[in-house]
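Just below is one structure, and these are the notes that go with it.
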Amino acid sequence: MTQVTKFPPDYRFELAENMLYRQLPYGPDQEAVLDEKGFQRAVKIIRSWPDYAPTPLCRLESIAEVAGVADVHYKDESGRFGLGSFKPLGGAYAVVRLLMSQITAATGQEQVDPNDVLNGRYKEIASTITVTAATDGNHGRSVAWGARLFGCRCVIFIHETVSPGREHAIAALGAEVRRTRGTYDDAVRKADETARQEGWHQIPDTSDGVVVEAPRNVMQGYTLMAQEAMDQLPYQGPPTHIFIQAGVGGMAAAVVAQFWQRFGPGRFKTVLVEPRQAACWFHSLKSGAPVVVSGDLDSLMAGLACGEVSRLAWPILAPATDMVMTVDDAAAADCMRLMAEGRYGDRPMVTGESAVAGLAGFLAVARDEAAREALAIDSNSRVLLFGTEGASDPETYMAIVGRSAEDVRKNIQGSG
Ligand SMILES: Cc1ncc(COP(=O)(O)O)c(C=O)c1O
């Protein structure tokens, strides 16, 4: 029996304006990061990978009703390439782009067909190359998957609190996993240092402004997710609101760039959502300049536990984000449960800790009159959310939801 509640849950949140918001056309500063040509190339390459399929865009009708809006859509990335998150779009794409440029350097051949990298034509060159990345789980998994798909070696750095489940998932793809002291940002520094010493190639999902090629490709790969969502929306024009979670901001920037290019400035409101204890975008946009957040940053929303914004995401998100907000881990945990239960009457879904941050942010403001007004949310609003992972860490999922993802899925089949 689903329990029907009239009001959205009461989640603690903090909402702030972005000091840097400006209604600009998508211009050269943004195109230097993500452009149409790069997008077309990424789409062509990723769509040719085995088992590529667009992930579903799900309508959350009952949640929309409870929250007092016209529509809520949730892009469910839990099934992407069987890896449990949207991440392979970025990490694996950056791996193949790196291999293509290394093959060009080794052979002098200017045009390298990515399908030839996939089918092993350059396996001797690829096998001499090592890619590396720091990760809170999902990015490392996507780089490891890409390395296995395209035939190169992979070493992944994880920090102190990355769960054993996430570690094993990376190792199962054939990568060597090294655990470092400290936070995600410490693991990023360790990966950088080791790569320089060993002559390995870094595939970071964030940029300090110096290493840009690979993180740009990572973001370019993510744009396909946004494009799929646009193609799947059942209405013309943009959604009125995108509530989107940010770690370093690469994913949110890729999504915003795609919608901004297609619909122009100011046609939809973007709200960035972060865990309270790892709110680097919140503090940066509230104060008008990049701010480094310190502390242990430890959040249940592991994919969002970052203390520094990506310098490549900055020129996109700084002018285009309307408001920034933080939510608590408790809100994310409750959202995972409400999605698994189908609490308001929607079909139950398996959603991960970082996936539901956007939903948590939306539901938190949905019951707050002042926040609704600040964001111009009303009964005509059409909200878009990106459910960026499923139960990518099965033990954590079980601990929070009280049931395994398989169990939830069985119920879905039973109810369907
Ligand atoms: C599931 C999930 N969602 C969202 C994000 C945030 O992406 P970004 O760090 O590019 O902001 C991550 C990052 O690892 C993630 O794993």
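The sequence shown maps to residues 0 to 415 in numbering that gives the first Met the number 0. In this text, a Cβ means the ideal position worked out from N, Cα and C, and glycines have one as well.
Can you check DSSP and say which residues form a bridge with residue i?
i: Thr134; result: Ile157
i: Arg177; result: Phe156
i: Tyr73; result: Cys57 and Leu384
i: Phe12; result: Val326
i: Val270; result: Phe242 and Met322
i: Thr129; result: Arg152
i: Gln201; result: Thr131
Could you give the distance in angstroms between the alpha-carbon of residue i and the alpha-carbon of residue j?
i: Ala404; j: Met338; result: 11 Å
i: Gly81; j: Arg21; result: 39 Å
i: Thr222; j: Arg180; result: 33 Å
i: Ala252; j: Asp406; result: 34 Å
i: Glu13; j: Ala369; result: 12 Å
i: Thr1; j: Gln39; result: Low confidence applies to Thr1: its pLDDT is 47, below 50, so where it sits in the model is not reliable, and the reading given next is rough at best. The straight-line gap from Cα to Cα measures roughly 44 Å.
i: Ile128; j: Val382; result: 43 Å
i: Asp184; j: Asn137; result: 15 Å
i: Ala356; j: Thr106; result: 46 Å
i: Phe6; j: Phe258; result: 30 Å
i: Arg11; j: Lys43; result: 42 Å
i: Glu340; j: Ala363; result: 19 Å
i: Leu97; j: Leu117; result: 13 Å
i: Val270; j: Ala375; result: 12 Å
i: Arg188; j: Tyr51; result: 33 Å
i: Ala146; j: Cys153; result: 6 Å
i: Gly67; j: Pro8; result: 13 Å
i: Val371; j: Gly401; result: The identity of residue 371 in the sequence shown is Arg, whereas the question assumes Val. Their backbone Cα atoms lie some 32 Å apart in a straight line.
i: Val111; j: Met99; result: 6 Å
i: Cys151; j: Arg120; result: 13 Å
i: Leu303; j: Gly198; result: 29 Å
i: Asp230; j: Thr320; result: 22 Å
i: Ala194; j: Ala186; result: 12 Å
i: Ile241; j: Ala329; result: 22 Å
i: Thr103; j: Gly246; result: 33 Å
Would you grab the beta carbon distance between residue i and residue j for me? Rounded to a whole angstrom, and I think it's under 8 Å.
i: Met218; j: Gly89; result: 7 Å
i: Thr54; j: Glu227; result: 7 Å
i: Gly220; j: Ala41; result: 5 Å
i: Val94; j: Phe156; result: Not a contact, Cβ separation roughly 16 Å.
i: Tyr25; j: Gln260; result: 5 Å
i: Ala278; j: Val291; result: Contact doesn't hold; Cβ gap of about 12 Å is too wide.
i: Ala132; j: Gln201; result: 7 Å
i: Gly287; j: Leu296; result: 22 Å between Cβ atoms; not a contact.
So, with DSSP's three-state summary, where would you put residue i?
i: Ala375; result: coil
i: Phe258; result: helix
i: Gly84; result: Gly is not the amino acid found at residue 84; the sequence shown has Ser there. DSSP places Ser84 in strand when its eight states are reduced to three.
i: Tyr396; result: helix
i: Ser283; result: helix
i: Ala408; result: Inspection of the sequence shows that residue 408 is occupied by Arg rather than by Ala. Looking at Arg408 - three-state DSSP - the assignment turns out to be helix.
i: Gln226; result: helix
i: Thr193; result: helix
i: Tyr92; result: helix
i: Ser309; result: coil
i: Thr106; result: helix
i: Leu232; result: coil
i: Gly401; result: coil
i: Ala186; result: helix
i: Pro214; result: helix
i: Pro49; result: coil
i: Gly78; result: helix
i: Phe6; result: coil
i: Asp333; result: helix
i: Ala252; result: helix
i: Gln22; result: coil
i: Glu352; result: coil
i: Val142; result: helix
i: Arg346; result: coil
Can you determine whether any heavy atom of ligand 2 sits closer than 7 Å to the C-beta of residue i, and answer yes or no?
i: Cys334; result: Although ligand 2 was asked about, the structure shown includes only ligand 1 as ligands.
Please return the same chain residues whose Cβ sits closer than 7 Å to the Cβ of residue i, not counting the five positions on each side in sequence.
i: Leu23; result: Pro264 and Pro318
i: Arg140; result: Leu82, Lys86, Ala168, Ile169 and Leu172
i: Ala69; result: Ala63, Ser378, Asn379, Ser380 and Arg381
i: Pro214; result: Pro203, Asp204, Thr205, Ser206, Gly249, Ser309 and Leu311
i: Ser61; result: Tyr343, Gly344 and Asp345
i: Pro314; result: Asp28, Gln29 and Val32
i: Met397; result: Ser403
What residues in its chain sit with their C-beta under 6 Å from that of residue i, if we drop five residues either side in the sequence?
i: Arg275; result: Thr325 and Asp327
i: Cys57; result: Tyr73 and Asp75
i: Ala15; result: Lys285 and Val323
i: Gly389; result: Ser77, Gly83, Val349 and Gly351
i: Arg266; result: Pro237
i: Leu358; result: Cys334 and Leu384
What does a CB cutoff of less than 8 Å around residue i pick up in its chain, not counting 5 residues either side in sequence?
i: Ile399; result: Leu299, Ala332, Met335, Arg336 and Glu352
i: Val161; result: Thr134, Asp135, Gly136, Arg178 and Ala301
i: Ser47; result: Pro113, Asn114 and Leu117
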